[in-house]
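2 protein chains.
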Amino acid sequence: MESAIDHHLTCPRTISRRVPDDYQPPFPMWVGRADTVVEQVTMAYFGVQYLDDDLRPSALATLRDMVGRLHFDDGPDHHDLTEHTDNAGHHNLMVVGYWRDPAAFCRWLRSPAVADWWNSDERLTDGLGYFREITTPRVDQFETLYAFQDSLPGVGAVMDGISGDINEHGYWGSMRERFPASQTDWMQPAGDLRIVAGDPQAGGRVVVAGHDNIAIIRSGQDWRDAEADERALYLDEIRPTLLAGMDFLRDNGDTVGCYSNRFVQSIDLDGNSLDETYNIGHWRSLEKLERWAESHPTHLRIFTTFFRVAAGLEKLRLYHEVSVSDAANQVFEYINCHPGSGMMRDAQVLSAPTPTA
Amino acid sequence: MESAIDHHLTCPRTISRRVPDDYQPPFPMWVGRADTVVEQVTMAYFGVQYLDDDLRPSALATLRDMVGRLHFDDGPDHHDLTEHTDNAGHHNLMVVGYWRDPAAFCRWLRSPAVADWWNSDERLTDGLGYFREITTPRVDQFETLYAFQDSLPGVGAVMDGISGDINEHGYWGSMRERFPASQTDWMQPAGDLRIVAGDPQAGGRVVVAGHDNIAIIRSGQDWRDAEADERALYLDEIRPTLLAGMDFLRDNGDTVGCYSNRFVQSIDLDGNSLDETYNIGHWRSLEKLERWAESHPTHLRIFTTFFRVAAGLEKLRLYHEVSVSDAANQVFEYINCHPGSGMMRDAQVLSAPTPTA
Chain A
80 MESAIDHHLT CPRTISRRVP DDYQPPFPMW VGRADTVVEQ VTMAYFGVQY
130 LDDDLRPSAL ATLRDMVGRL HFDDGPDHHD LTEHTDNAGH HNLMVVGYWR
180 DPAAFCRWLR SPAVADWWNS DERLTDGLGY FREITTPRVD QFETLYAFQD
230 SLPGVGAVMD GISGDINEHG YWGSMRERFP ASQTDWMQPA GDLRIVAGDP
280 QAGGRVVVAG HDNIAIIRSG QDWRDAEADE RALYLDEIRP TLLAGMDFLR
330 DNGDTVGCYS NRFVQSIDLD GNSLDETYNI GHWRSLEKLE RWAESHPTHL
380 RIFTTFFRVA AGLEKLRLYH EVSVSDAANQ VFEYINCHPG SGMMRDAQVL
430 SAPTPTA
Chain L
80 MESAIDHHLT CPRTISRRVP DDYQPPFPMW VGRADTVVEQ VTMAYFGVQY
130 LDDDLRPSAL ATLRDMVGRL HFDDGPDHHD LTEHTDNAGH HNLMVVGYWR
180 DPAAFCRWLR SPAVADWWNS DERLTDGLGY FREITTPRVD QFETLYAFQD
230 SLPGVGAVMD GISGDINEHG YWGSMRERFP ASQTDWMQPA GDLRIVAGDP
280 QAGGRVVVAG HDNIAIIRSG QDWRDAEADE RALYLDEIRP TLLAGMDFLR
330 DNGDTVGCYS NRFVQSIDLD GNSLDETYNI GHWRSLEKLE RWAESHPTHL
380 RIFTTFFRVA AGLEKLRLYH EVSVSDAANQ VFEYINCHPG SGMMRDAQVL
430 SAPTPTA
């Protein structure tokens, strides 16, 4: 049994845990481990948005083009592809890239092949919407949790290994306690989302400024290798409840502090569905996420089901990763997306928005 | 908004809360307040046990006799009556008395009218079983929580008033945080239950020694004044789930750290049912109670229902009180009760039990 907080990230606590020192979790779970050289990671969600089904081939071609650019110098160490229908009925294709070196990410983002493409006027006129939502948490600002130990997805894919059984899971509050920062920091939000360039209602280019400690959760389900019993467990028992909860957050998230919630379907480069889904949720704070997760009937039902089956899972892969980040390490940019997209929906419009080119 | 921890019980924390300072509960709730002169309270459960229905009149007469003795000098400041069928199908009548002055309780317990009755050989031969389970927590060792503000039941009846809206509720961990002791003490158990006199299998008199920080929860439901809608809410929606959870703890409590669990029906002196019930549960520790409450489907379902309706409750009175106590302030004694009764079930039998008279 070891702590979810890696040795080199341990520090004298000013905030205590909520469970006694001899707490024993009811079943084993694991977290990702990164070498000490890893100090910060970049998680970058790039999206293509369209409303009319006729635009799907064009959107998929654009996604493939974006994926091609990931393979340029300083591209991400890992990426995956998804699609989803959003809170306004628009379709969205996304590629998420993970970098274990934010400097490499910066070089990549600023490279002409990437920057020129994003800044091109063609992006305004080619009939598709685009967005990029990028955060770069320090290693004390994110945590992971896996019910398996191999081939870690998401940020785990750019880490260096897996822990032994960890202590901090199986109780409400354990998510927070897996963050190294939680030893001394409440990770409270400061400020509000603000539109700092553009006008969401008018379309075109919009930039949203975030704020400290926006929390992002990626919570995934992979049944690609599952046998019939675990496929049924996920598809028939877990998924309907999960969808109800995720639909609630997609459509009513503003009532509970959830800025954006996308339940996404993993796809291949041709847009074919894989047996893998995940949810990507942006929250005002870790606390808002905790309050919802601990009290919403859908999430509690999933939680009790997971408790019941966790010890026996074989091929059904369930996991999550949660991060917070400094406002300075956040990018939320939109081109011709509907005004309810991503961080735009809940962002405050300044009295005199700055027009952008 | 005020803290559940009364001013005079506040001290510098060595253990932090689990929620940020600006936490706001989702609806109002209240706690009991006692004058500063109250330092410790006694909660004494006195029971009469019988198996054969024919013994009910005799058991009721004995209960009435016991209630009569409560009115002697130094008797309790408040009491109530209940009945329940236990984990072995035996019937039990109980009277619980609350004293706001443990010295008065001691004088009462040692008074000839009480002591002689308990010690009489007639108790061994009159065909009924008897038990007394008594704890005397200090005021930093118990907490209360009410969804109403008047005529407090249980320990609240021997307190002096009600708080304003309190902060520490609506999240997992808030029960612990309402204990003044939680500011500096994990309230961890030490030792095990032990049979220190008698032999539960043989019947007769048995004494069980407790251990530090046994946790006791009384969780109540009073629909005596409720209108039709709230009666239906309780009887049709809450109660079936509640019973499933309480039956689980009664029959399988040993698997989760629950020593004893009795879901009891309030009665009058003639044994007629009132529209009031409560559960009285004894746990190895507050932590074991927390883990069960936070993860068992039945309790989570009740919790979400309560969250949904709490703000609108009018006449349906829901509440709880939870205490821990020092081993030195615990009494667990049984006469001719079946060996699964109360603290006997999970008590370790010493190799050479001391016979009692």
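Line by line, the protein sequences give chains A and L.
All residue numbers for the first sequence refer to the numbering used here, where the first residue is 80 and numbers rise by one.
All residue numbers for the second sequence refer to the numbering used here, where the first residue is 80 and numbers rise by one.
The beta-carbon is built from N, C-alpha and C at its ideal position, and this holds for glycine as well.
Note that this is a predicted model, so its numbers are computed, not measured.
- Look at L:Val-275 here: in three-state DSSP terms it is strand.
- Secondary structure note for L:Phe-342: its beta strand (DSSP E) is the uninterrupted segment 337 to 346.
- Apart from the 5 residues on each side of it in sequence, A:Phe-151 sits with its Cβ closer than 8 Å to the Cβ of Trp-187, Ser-190, Ala-192, Val-193 in its chain, given in chain order.
- Runs of the beta strand (DSSP E) spanning 3 or more residues and lying entirely within the region 348 to 386 of chain L occur at 352 to 362, in chain order.
- Here L:Thr-215 is buried. Its C-beta has 16 or more other C-beta atoms within 10 Å.
- Put simply, of A:Asn-171, A:Glu-81, A:Phe-385 the residue whose alpha carbon is nearest the alpha carbon of A:Ser-345 is A:Asn-171.
- Inclusion of A:Phe-221 and A:Val-401 in the CB contact set at 8 Å is warranted, their separation being smaller than that value.
- A:Trp-251 has its alpha-carbon roughly 22 Å from the corresponding atom of L:Pro-107.
- Pairing A:His-399 with A:Leu-224 gives a Cβ-Cβ distance under 8 Å.
- Residue pairing for A:Thr-223: DSSP places it in a beta bridge opposite A:Glu-400.
- In terms of Cβ geometry, A:Tyr-209 and A:Met-122 do not form a close pair [threshold 8 Å].
- Contact between L:Leu-139 and L:Gly-350 holds: their C-beta atoms lie close to 5 Å from each other, under 8 Å.
- Around the beta carbon of A:Pro-232, 16 or more other beta carbons sit within 10 angstroms, so the residue counts as buried.
- What A:Trp-251 touches in chain L, judged by beta-carbon distance under 8 Å, is Tyr-250, Trp-251, Gly-252, Glu-373, going in chain order.
- Fewer than three Cβ pairs drawn from the region 110 to 125 of chain A and the region 279 to 289 of chain A lie within less than 8 Å of each other, which leaves the two stretches out of contact.
- Residue L:Arg-341 holds the alpha-carbon nearest to the alpha-carbon of L:Gly-299 among L:Ile-293, L:Arg-341, L:Asp-100.
- Close CB contacts of A:Arg-211 within its chain, under the 6 Å cut and outside five residues either way in sequence, are with Phe-125, Glu-412 (chain order).
- One alpha carbon belongs to A:His-417, the other to A:Ser-137, and they sit about 18 Å apart.
- Excluding its 5 nearest sequence neighbours in each direction, L:Trp-109 has C-beta neighbours in its own chain below 6 Å: Tyr-225, Gln-228, Ile-241, Ser-242, listed in chain order.
- The beta carbon of A:Ile-293 does not come within 8 Å of any beta carbon belonging to chain L, so the residue lies off that interface.
- By the rule that beta-carbons nearer than 8 Å mark a contact, A:Arg-257 does not touch chain L.
- In this structure L:Leu-207 does not touch L:Val-287 by the C-beta definition: roughly 19 Å separates them, more than the 8 Å allowed.
- Sequence-distant partners of A:Gly-324 (beyond 5 residues in either direction) whose C-beta falls short of 8 Å from its own C-beta, in its chain, are His-375, Thr-377, His-378, Ile-381.
- Residues of chain A whose Cβ lies closer than 9 Å to the Cβ of L:Ser-402 do not exist; the shortest such Cβ separation is about 18 Å.
- Residue contact check for A:Leu-322 against chain L: no CB pair falls below 8 Å.
- Under a criterion of Cβ atoms nearer than 8 Å, the residues of chain A adjacent to L:Phe-386 are, in order, Ser-374.
- When the Cα atoms are used, L:Phe-386 and L:Gly-249 turn out to be separated by approximately 8 Å.
- By the C-beta criterion, the region 357 to 374 of chain L is judged not to be in contact with the region 86 to 98 of chain L, since fewer than 3 inter-stretch pairs fall below 8 Å.
- In the DSSP assignment, A:Ala-426 falls outside any alpha helix (DSSP H), carrying neither H nor E.
- A:Tyr-338 and A:Met-238 do not touch by the CB rule: their CB atoms are close to 26 Å apart, not below 8 Å.
- By the rule that beta-carbons nearer than 8 Å mark a contact, L:Arg-97 touches chain A.
- By alpha-carbon distance to A:Tyr-102, the top candidate from A:Arg-303, A:Trp-197, A:Ser-253, A:Glu-201 is A:Ser-253.
- In this structure, the straight-line span from the alpha carbon of A:Val-335 to that of A:Asp-405 is close to 21 Å.
- Cβ proximity to chain L below 8 Å picks out Gln-267 from the region 266 to 277 of chain A.
- Relative to the Cα of L:Glu-201, the nearest Cα in the group L:Gln-427, L:Arg-424, L:Asn-415 belongs to L:Asn-415.
- Residue state for L:His-290 is assigned as coil, using DSSP reduced to three classes.
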